[in-house]
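Protein chains: 2
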Amino acid sequence: MQITVFESTVPQFMLTLNALKNILTKAKTWGEPKKVEMETFFQMRLAPDMLPLGKQIQIACDIAKGFGNRLTPVTAPVFEDTEKTFEDYINRIQKTMNYLEGLKPENFAGYESKTIEFPWYPGKFLNGKDFVIQHAIPNFYFHVTTAYAILRTNGVELGKGDFLGNQNWKTK
Amino acid sequence: MQITVFESTVPQFMLTLNALKNILTKAKTWGEPKKVEMETFFQMRLAPDMLPLGKQIQIACDIAKGFGNRLTPVTAPVFEDTEKTFEDYINRIQKTMNYLEGLKPENFAGYESKTIEFPWYPGKFLNGKDFVIQHAIPNFYFHVTTAYAILRTNGVELGKGDFLGNQNWKTK
Chain A
907 MQITVFESTV PQFMLTLNAL KNILTKAKTW GEPKKVEMET FFQMRLAPDM
957 LPLGKQIQIA CDIAKGFGNR LTPVTAPVFE DTEKTFEDYI NRIQKTMNYL
1007 EGLKPENFAG YESKTIEFPW YPGKFLNGKD FVIQHAIPNF YFHVTTAYAI
1057 LRTNGVELGK GDFLGNQNWK TK
Chain B
907 MQITVFESTV PQFMLTLNAL KNILTKAKTW GEPKKVEMET FFQMRLAPDM
957 LPLGKQIQIA CDIAKGFGNR LTPVTAPVFE DTEKTFEDYI NRIQKTMNYL
1007 EGLKPENFAG YESKTIEFPW YPGKFLNGKD FVIQHAIPNF YFHVTTAYAI
1057 LRTNGVELGK GDFLGNQNWK TK
């Protein structure tokens, strides 16, 4: 009845980041005949005081790589947050996937005993398991869903299958 | 390094459903002095061809209880999808939480060997573990995030902390 922390996160973050790449590619294809630039989409928001698409993508990547950086000894790459073009954002997602691909189940040894702290909540921490289940996973999906919603609410033809991505369907 | 399928899902679905109750309560409180009825919010959508808030709440509940129904021998309650008022929706969420509260880790014995099928994808299935990681969890967060986004984009004062809910913070 067990799931390793690795299998509940690393391959699934990669699957969803790949779905995000496909979603952005669909937006680009949808926009081209209408002369909609991806740079326009990257600045769009669901509300004036919510973050724009570009930032949603950056944060989704940061949660996935920060997760590995906090729970394993494998140092994550630092991104400068200078993305502007479609290729820049695809490249950031791909670099995040490349980092995740380098993580191995055994890198998570002892993760339960780590204390996970955040600069915005001094004096408080989550233990490793709570960090995975209560923070990293929901936070990651929050930003990918919001990225999807920004494109979807502006007309890009997407369905939930694009968000769920390439699941491991088997044939009977 | 192990997480049981139970702890990666059941308590966390309850935590997030409780967060959803709080989000709806905040929307009600925000709307009252402005004479905004919750019934109005329940019919709002991010796009004309996306589902309204009421349906997002219903589906989030259905994913959580359907998850238990598919993977354990504990039969989930059937809901008639007749909710109209704030109290109706809060009650549906609470009934879903009550069902989840009755699930025990041992109810998931043998879940890995189950084949999970959907009427909209005949001839295909996900195995138990893939269903949990690739389908149930992301799908659940997709609908809760979309519910949050519908309220947020219409002015309700919410932050990501409302979505993440009552995490198990410890003091150093």
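In order, the protein sequence lines correspond to chains A and B. Offset between the first sequence (1-based) and our numbering: plus 906. Offset between the second sequence (1-based) and our numbering: plus 906. Just so it is clear, CB atoms sit at the ideal spot from N, CA and C, and this is done for glycine as well.
Alpha carbon of residue i to alpha carbon of residue j, nearest angstrom
i, j, result
"P1044 of chain B", "Y1017 of chain B", "18 Å"
"P958 of chain B", "R951 of chain B", "4 Å"
"P1025 of chain A", "D987 of chain A", "19 Å"
"A982 of chain A", "K1001 of chain A", "10 Å"
"A953 of chain A", "L923 of chain B", "24 Å"
"L926 of chain B", "K1066 of chain B", "12 Å"
"F1031 of chain A", "G1008 of chain A", "27 Å"
"K1019 of chain A", "D955 of chain B", "At residue 1019 of chain A the sequence reads Ser, which differs from the Lys that was named. Between S1019 of chain A and D955 of chain B, the C-alpha separation is close to 46 Å."
"E1079 of chain A", "N1074 of chain A", "This structure gives no information on residue 1079 of chain A, because the portion of chain A shown stretches from 907 to 1078."
"T1021 of chain A", "E913 of chain B", "19 Å"
"V942 of chain A", "G960 of chain A", "15 Å"
"R976 of chain B", "Y1027 of chain B", "16 Å"
"T946 of chain A", "K940 of chain A", "12 Å"
Any chain B beta carbon closer than 8 Å to residue i
i, result
"F1069 of chain A", "yes"
"F1048 of chain A", "yes"
"Q1073 of chain A", "yes"
"L952 of chain A", "yes"
"V916 of chain A", "no"
"N1045 of chain A", "yes"
"Q964 of chain A", "no"
"K1078 of chain A", "yes"
Short CB-CB distance (under 8 Å) between residue i and chain A
i, result
"K1030 of chain B", "yes"
"A1053 of chain B", "no"
"I1022 of chain B", "no"
"D1036 of chain B", "yes"
"I1039 of chain B", "yes"
"E1007 of chain B", "no"
"L921 of chain B", "yes"
Beta-carbon separation (whole angstroms), residue i vs residue j, contact threshold 8 Å
i, j, result
"K990 of chain B", "N1033 of chain A", "About 42 Å separates the two Cβ atoms, so there is no contact after all."
"K1010 of chain A", "I909 of chain B", "Not quite, the Cβ-Cβ distance comes to about 17 Å (not below 8 Å), so this is no contact."
"P963 of chain B", "I999 of chain B", "The displayed chain sequence assigns Ile, not Pro, to residue 963 of chain B. About 7 Å; that satisfies the 8 Å criterion."
"T915 of chain A", "V1038 of chain A", "6 Å"
"N1013 of chain B", "V980 of chain B", "6 Å"
"F1048 of chain A", "F1069 of chain B", "6 Å"
"V911 of chain A", "A966 of chain A", "The Cβ separation is near 19 Å, so there is no contact."
"K1078 of chain A", "G1029 of chain B", "5 Å"
"Q918 of chain B", "Q918 of chain A", "That belief does not hold up - the Cβ atoms of Q918 of chain B and Q918 of chain A are roughly 15 Å apart, past 8 Å."
Residues near residue i in its chain [Cβ-Cβ closer than 6 Å; skip 5 each side]
i, result
"M920 of chain B", "M1003 and L1006"
Per-residue contacts from residue i into chain D (C-beta, under 7 Å)
i, result
"S1019 of chain A", "Of the protein chains in this structure, namely A and B, none is chain D."
Sequence-distant residues of its chain with Cβ nearer than 7 Å to residue i (five each side left out)
i, result
"L1064 of chain A", "I929, K932, Y1054, L1057 and R1058"
"G974 of chain A", "V980, A982, Y1005, L1006 and L1009"
"G972 of chain B", "A982"
Cutoff 8 Å; reference residue i; Cβ partners in own chain excluding five residues on either side
i, result
"G1071 of chain B", "L921, T922, N924, A925 and N928"
Are the region 994-1002 of chain B and the region 924-940 of chain B touching, with three or more C-beta to C-beta distances below 8 Å? yes
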